[in-house]
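Below is one structure, written out as structure tokens, with a few remarks after it.
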Amino acid sequence: MALVLGLTAACSDDGGGGATTKGGDDGSPKLTISPADGSGDARPDAGVTVTAAGGTLGQVSVKMKGAEVPGRLSPDKSRWQSTWTLVPGAKYQVSATAASPKGKSTTATSAFQTVRKTAATKITNVVPSEGETVGTGMPVFVQFSKEVPAKARPGVERAIEISSTTPTEGAWRWLSAGESFNGLPSAVFRPRNPWKARQQVSLTVHYAGLKIGDSVFGAKDVTRKFRIGDSHTITVNAKTDRLVVKKNGRTVRNWGVSLGQGGDRQADGVDHLLTTSGVHLTMDRSRMERMRPPGKKKGDAGWYDEQVPWATRISNSGEYIHQNMDDPTCLGDRNCSHGCVRSPAGDAQWFFGWAYRGDMVTITGTKRSLEWTNGWGYWQMPFEKWTKGGVLGKPVTTASLNA
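Residue 0 is where the sequence shown starts when you use numbering that gives the first Met the number 0, and the numbers rise one by one after that.
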């Protein structure tokens with residue numbers, strides 16, 4: 000079994016369903032299985048425990064719907080414990096053998112069912128999508144329907160198993176609904192340095208059976224596999240009005256752009272017509288995006304309502320790399336936009352089809368900084384500070400994935 004970030008196993012010998020004991024009266028080993036045979040109210044978070052007294056365990060098999068449940072045998076072979084928590088409302092079958100030093104053996108079985116009570120807090124979204132190819136700056140999101148209670152977060156964080164072709168150091172951070180790019184409370188993994196290009200990543204959240212509330216448990220596990228593509232890096236300089244695109248370190252394209260002209264400082268103290276400087280990530284794309292100014296309504300000075308083609312989003316404050324729809328003489332010469340990175344039509348269309356989600360776009364030379372909660376601006380936060388937002392409070396390294 001591959002090394003994982005943290006195992007979430009049960010620590011109780013009584014899973015809420017008692018225990019079944021067999022043997023031990025005639026010099027044979029005493030075998031104890033918890034939960035007990037016939038139990039209908041076993042706690043999913045307690046898992047399955049098999050112990051041997053007066054001997055060592057031989058074969059231990061735990062199955063759910065015919066599939067083997069993974070577990071670990073103690074070094075002295077006296078105890079077996081399921082690796083992860085159990086699925087609520089599921090039926091399990093256990094069989095185990097033990098042998099004494101004098102050769103006497105004991106066999107025991109147990110069939111039980113776990114309680115059905117699942118938490119209203121569910122995993123509703125995982126980013127990236129299944130099978131998606133993403134950029135080297137891509138974070139990994141596990142998103143929930145509700146805020147995960149603070150006391151449940153250690154178990155959730157330890158139950159996340161992430162592997163990659165190249166072991167990668169990173170850290171998890173918990174984001175509130177207000178900090179999240181789409182309003183969903185999230186646990187987010189960000190690597191310390193960009194992912195190495197051209198590799199596979201696999202994620203499993205062993206959420207089923209985790210204790211989320213006093214008597215409710217995570218409903219089901221979630222898995223995701225995706226791919227890190229070529230290294231795409233994009234730099235935009237507001238002083239020279241040039242955008243440069245590199246693939247695997249080699250410049251493949253560059254063009255003149257026009258960034259935000261500024262001059263619209265609103266009540267929040269922010270000039271919303273300035274492009275933000277910092278490390279952005281490409282997000283979603285729109286073949287035709289409707290654009291309107293934030294904080295304004297029809298009839299206000301500076302109001303506009305436009306349909307803009309070939310728009311690749313790079314923040315949540317309305318910044319895109321998109322086709323220029325106004326004065327073409329601005330491109331490569333001066334900043335005339337409402338805050339976006341205006342580009343020639345052919346270049347904007349090419350970029351729309353070429354970029355992955357999670358490509359790193361570094362913009363320099365403006366007087367407005369990208370906030371780390373603006374879209375996927377997580378690279379704006381120093382890694383050490385990012386790490387402190389997780390329950391573990393320390394970096395973790397992905398397990399090696401044999402792709």
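Even for Gly, the Cβ is constructed at its ideal location relative to N, Cα and C.
Taking residue i as the reference, which of the options has the closest Cα?
i: P43; options: T19, F188 and F216; result: F216
i: V93; options: V114, E131 and G70; result: G70
i: V204; options: R264, P193 and S162; result: S162
i: T397; options: I227, S201, R241 and D36; result: S201
i: L85; options: E288, A310 and P34; result: P34
i: W378; options: S185, T281 and A107; result: T281
i: P138; options: Q80, K121 and W173; result: W173
i: G169; options: K195, I211 and G352; result: K195
i: D229; options: H321, G357, L273 and I313; result: G357
i: K76; options: K62, L30, A110 and K64; result: L30
i: R284; options: L330, V155 and I320; result: I320
i: T132; options: T361, P193, A354 and L400; result: A354
i: E305; options: G57, D325, S314 and K145; result: D325
i: G102; options: G26, G46, M63 and A51; result: G26
i: A149; options: G268, G136, P184 and T135; result: P184
i: T234; options: V221, D220, R249 and K224; result: R249
i: T117; options: L56, G208, E160 and G154; result: G208
i: E383; options: V49, R189, S60 and G57; result: R189
i: T361; options: Q348, W349 and V340; result: V340
Buried or exposed for residue i, please, with buried defined as at least 16 other CB atoms from any protein chain shown within 10 angstroms of its CB.
i: A97; result: buried
i: T105; result: buried
i: S368; result: exposed
i: A300; result: exposed
i: T363; result: exposed
i: N323; result: buried
i: W375; result: buried
i: R312; result: buried
i: L2; result: For L2, the predicted structure reports a pLDDT of 33, less than 50, and the residue's modelled location is therefore unreliable. A value from the coordinates is still provided. So L2 counts as exposed.
i: T386; result: buried
i: P293; result: exposed
i: K210; result: buried
i: W79; result: buried
i: N334; result: buried
i: D12; result: For D12, the predicted structure reports a pLDDT of 40, less than 50, and the residue's modelled location is therefore unreliable. The matter cannot be settled from this model.
i: G130; result: exposed
i: P166; result: exposed
i: D346; result: buried
i: D24; result: exposed
i: P127; result: buried
i: W309; result: buried
Can you check DSSP and say which residues form a bridge with residue i?
i: Q260; result: Q260 is not bridged to any residue.
i: S27; result: None; S27 has no bridge partner.
i: I233; result: V244 and V360
i: Q199; result: R226
i: G277; result: I362
i: E288; result: V307
i: N124; result: Q142
i: K210; result: F216
i: N401; result: Looking at the DSSP assignment, N401 forms no beta bridge with any residue, so it has no partner.
i: D270; result: R264
i: W194; result: Looking at the DSSP assignment, W194 forms no beta bridge with any residue, so it has no partner.
i: T19; result: I32
i: S38; result: Per DSSP, none; premise fails for S38.
i: A119; result: Partner(s): none; A119 has no beta bridge.
i: V204; result: I159 and V221
i: A107; result: A95
Write down the C-beta distance between residue i and residue j rounded to the nearest angstrom, noting that I regard them as a contact closer than 8 Å.
i: M380; j: W371; result: 4 Å
i: T113; j: G88; result: 6 Å
i: T275; j: N373; result: 7 Å
i: D240; j: V256; result: 6 Å
i: W83; j: G389; result: At roughly 20 Å, the Cβ-Cβ gap does not stay under 8 Å, so W83 and G389 are not in contact.
i: Y206; j: A158; result: 6 Å
i: L391; j: E178; result: Actually they are not in contact, since the Cβ atoms of L391 and E178 sit about 19 Å apart, beyond 8 Å.
i: S38; j: G16; result: 3 Å
i: A41; j: F111; result: 5 Å
i: L273; j: G338; result: 6 Å
i: S336; j: Q260; result: 6 Å
i: I227; j: R191; result: No, I227 and R191 are not in contact; Cβ-Cβ is about 15 Å, not under 8 Å.
i: F140; j: K121; result: 15 Å between Cβ atoms; not a contact.
i: A51; j: P74; result: The Cβ separation is near 13 Å, so there is no contact.
i: H231; j: G134; result: 5 Å
4-residue-minimum alpha helix (DSSP H) runs that sit fully inside the region 302-389, ordered along the chain: 344-353 and 382-386
Just to confirm the assignment: which complete beta strand (DSSP E) runs, minimum length 3, are found wholly within the region 47-105? 48-52, 55-63, 70-72, 78-81 and 90-98
Mind listing, in chain order, the continuous alpha helix (DSSP H) runs of no fewer than 4 residues lying wholly within the region 147-188? 152-157
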